[in-house]
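Protein chains: 2
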Amino acid sequence: MPATRERIIRAASRLMQRQGYDGTGIKQISQEARATLGSVYHFFPGGKQELALAAISRGDQEFVEVLRAGLAGDPDPARAVVVLTRNLVESLRASDWVDGCPITTTALGTVGRLPDIQSAAADAFARWRGIVFDRLLESGVGESDARDLAHTVISTLEGAELAAQVSRSSRPLEVAGQHLSRLIASYR
Amino acid sequence: MPATRERIIRAASRLMQRQGYDGTGIKQISQEARATLGSVYHFFPGGKQELALAAISRGDQEFVEVLRAGLAGDPDPARAVVVLTRNLVESLRASDWVDGCPITTTALGTVGRLPDIQSAAADAFARWRGIVFDRLLESGVGESDARDLAHTVISTLEGAELAAQVSRSSRPLEVAGQHLSRLIASYR
DNA sequence: GTATCAGTAGAGCGTTCTTTTCAGCCTGGA
DNA sequence: TCCAGGCTGAAAAGAACGCTCTACTGATAC
Numbered sequence: 001m002p003a004t005r006e007r008i009i010r011a012a013s014r015l016m017q018r019q020g021y022d023g024t025g026i027k028q029i030s031q032e033a034r035a036t037l038g039s040v041y042h043f044f045p046g047g048k049q050e051l052a053l054a055a056i057s058r059g060d061q062e063f064v065e066v067l068r069a070g071l072a073g074d075p076d077p078a079r080a081v082v083v084l085t086r087n088l089v090e091s092l093r094a095s096d097w098v099d100g101c102p103i104t105t106t107a108l109g110t111v112g113r114l115p116d117i118q119s120a121a122a123d124a125f126a127r128w129r130g131i132v133f134d135r136l137l138e139s140g141v142g143e144s145d146a147r148d149l150a151h152t153v154i155s156t157l158e159g160a161e162l163a164a165q166v167s168r169s170s171r172p173l174e175v176a177g178q179h180l181s182r183l184i185a186s187y188r
Numbered sequence: 001m002p003a004t005r006e007r008i009i010r011a012a013s014r015l016m017q018r019q020g021y022d023g024t025g026i027k028q029i030s031q032e033a034r035a036t037l038g039s040v041y042h043f044f045p046g047g048k049q050e051l052a053l054a055a056i057s058r059g060d061q062e063f064v065e066v067l068r069a070g071l072a073g074d075p076d077p078a079r080a081v082v083v084l085t086r087n088l089v090e091s092l093r094a095s096d097w098v099d100g101c102p103i104t105t106t107a108l109g110t111v112g113r114l115p116d117i118q119s120a121a122a123d124a125f126a127r128w129r130g131i132v133f134d135r136l137l138e139s140g141v142g143e144s145d146a147r148d149l150a151h152t153v154i155s156t157l158e159g160a161e162l163a164a165q166v167s168r169s170s171r172p173l174e175v176a177g178q179h180l181s182r183l184i185a186s187y188r
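Sequences listed follow chains E and C, in order. Using full-length UniProt numbering, read the first sequence as starting at 1 and increasing by one per residue. Using full-length UniProt numbering, read the second sequence as starting at 1 and increasing by one per residue.
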């Protein structure tokens, strides 16, 4: 059994991923983490906001791993992106279409209201784009093209995952994979 | 001054667009709409869920108009999609990046929890894809390609709008417009 | 043995939430 | 002129919210 603080972060991350910031109560987090309210406030004296920041940071790391693993799935980035979308479909289906992007729901529900959370999410997005950018660069794509492509790869993955969740279908992600592949290939 | 029911729908739609389902209180809706709680429950005896369904339906219609207007902005669909993203950037910037897709925040925060809302959102997404599909079809794109492209156009727009909001930047949407344009052009 | 301190436990604060209730106010038709 | 019914206004019930507080446990340091 992991340490208390770790369990709290995991619970906060998972619950906010599914239900967003306002939809997740601290009491619910403490129950899911098998910790008491006292423990939660001991480790996170900043309250719900600090909890959300920790959850986003954790979600950020998780998606970095998913991204790296997927993009390493094929030497050709145009094919690797298809591997990536397939992986996303798999884990999405495994959770009955509930566990989408680890930070989108939290970030979207607090846009314009909680600047700290928003900027943490913006940093995460930038980091993910950086990973795609690096991968494209090392495959010979020009710097400017790679930067733009990184934007669209992340945006499209986000949107397709969202659409897949809402419609409970793998179709949006599969099609997105094919089209991103075609788009990347057109720059080589 | 519009009728009470209309004001309530508008307020619910706008507030849920920004704050999501859980982040929006019925009291807040009634205040924003300049109606009393009694009026809200008179017109929407189904409570918050019925309110959310009405808000999604309204948001659906709004985005249909945005989509039609944008796609009619150029005879070539590959260029029309750029007009569309430009329009989205404009209205996003005008709201200081808080008014994104009218239904995404509501839908995402309730996925797997409130099936009625989720399926209403799924219907809206399908309708939007239908509009893009029709536009591509009449421009000579093959039926199968048009169907797939419609998926990716909507997914990418959603994701790019989301990314633009989170990072308070027009860049994701602008780049998405360029890439979608290139992708569509490659099918003609 | 005792002092110290991180961590656990949960009662309870004030506030806000959704929902219900119901008496009154208008207003259009008889 | 009257009245029925659509609509409004205010209040409150009951639950849930974020957060604070004090008391307790157990391990380590001296």
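Just so you know, even glycine gets a beta-carbon here, dropped at the ideal spot from N, CA and C.
- In this structure, the beta-carbon distance from A72(C) to S13(C) does not fall below 7 Å.
- Each of D74(E), G59(E), L162(E) was checked against the Cα of S181(E), and the nearest Cα belongs to D74(E).
- Listed by position along chain E, the residues whose Cβ is nearer than 7 Å to that of E158(C) are G159, L162, A163.
- R171(E) reaches chain C at H151, counting residues in chain order whose Cβ is nearer than 7 Å.
- Contact of G38(C) with chain E by beta-carbon distance below 7 Å is absent, the smallest such distance being about 25 Å.
- Rounded to whole angstroms, A78(E) and R68(E) show a C-alpha spacing of 14 Å.
- With fewer than three CB-CB distances shorter than 8 Å, the segment 140 to 147 of chain E does not count as touching the segment 124 to 134 of chain C.
- For G140(C), there is no enclosing alpha helix (DSSP H), since its DSSP letter is neither H nor E.
- Under the DSSP assignment, A35(E) falls outside any alpha helix (DSSP H); it carries neither an H nor an E label.
- For a Cβ distance threshold of 8 Å, residue set D148, L149, T152, L183 of chain C lies close to H179(E), ordered along the chain.
- Using a Cβ-Cβ cut-off of 7 Å, V83(E) does not count as an interface residue toward chain C, since no Cβ of chain C sits closer than that to its own.
- Within the UniProt domain "HTH tetR-type" (2 to 62) of chain E, contact with chain C at the beta-carbon level (separation under 9 Å) is assigned to R18, Q19, G20, Y21, D22, G23, T24.
- In this structure, the CA atom of A3(C) is about 40 Å from the CA atom of Q28(E).
- By the criterion of a C-beta distance shorter than 7 Å, R127(E) is surrounded in its chain by D60, V64, once the five residues flanking it on both sides are discounted.
- The C-beta distance from Q19(C) to W97(C) rounds to 14 Å, too long to meet the 8 Å contact threshold.
- A buried status is given to D148(E), since no fewer than 16 other beta-carbon atoms sit within 10 Å of its beta-carbon.
- Contacts with chain E at 7 Å (Cβ-Cβ) do not include S144(C).
- H151(C) sits buried, since 16 or more C-beta atoms from the chains shown fall within 10 Å of its C-beta.
- Your pair L51(C) and D116(C) does not check out as a contact, with CB atoms roughly 12 Å apart and the cut at 8 Å.
- The closest CA to that of P45(C), considering only I184(C), R5(C), V153(C), is found on R5(C).
- Unbroken alpha helix (DSSP H) stretches of 4 residues or longer found wholly inside the segment 1 to 32 of chain C: 4 to 19, 26 to 32, given in chain order.
- Of the residues D145(C), Q31(C), K48(C), S167(C), the one whose Cα lies closest to the Cα of D123(E) is S167(C).
- Rounded to whole angstroms, the Cβ separation of V81(E) and I184(E) is 6 Å, and the two are in contact under 8 Å.
- Neighbours of G130(E) in chain C, taken as residues whose beta carbon is under 9 Å from its own, are absent, since the nearest beta carbon is some 13 Å off.
- Remark: C-beta atoms of L157(C) and A146(C) do not approach each other more closely than 7 Å.
- The Cβ-Cβ distance between D22(E) and G23(C) falls below 7 Å.
- Take the alpha-carbon of S39(C) and the one of E32(C): they are about 13 Å apart.
- A residue is called buried once 16 or more other Cβ atoms fall within 10 Å of its Cβ, and G159(C) is buried on that count.
- Think of a sphere of 8 Å around the beta carbon of A176(E): the chain C residues whose beta carbon falls inside it are H151, T152, S155, T156, in chain order.
- Taking every protein chain shown into account, the CB of A94(E) has fewer than 16 other CB atoms within 10 angstroms, so this residue is exposed.
- In the three-state reduction of the DSSP assignment, A185(C) falls in the helix class, which pools H, G and I.
- Your pair G100(E) and E161(E) checks out as a contact, with CB atoms roughly 5 Å apart and the cut at 8 Å.
- Judged by their CB atoms, T85(C) and L108(E) are not nearer to each other than the 7 Å cut-off.
- Contact between V89(E) and S170(E) holds: their C-beta atoms lie close to 5 Å from each other, under 8 Å.
- With 16 or more other Cβ atoms from the protein chains shown falling within 10 Å of its own Cβ, H179(C) counts as buried.
- Scanning chain E for C-beta atoms nearer than 9 Å to the C-beta of A80(C) yields nothing, as the closest lies near 18 Å away.
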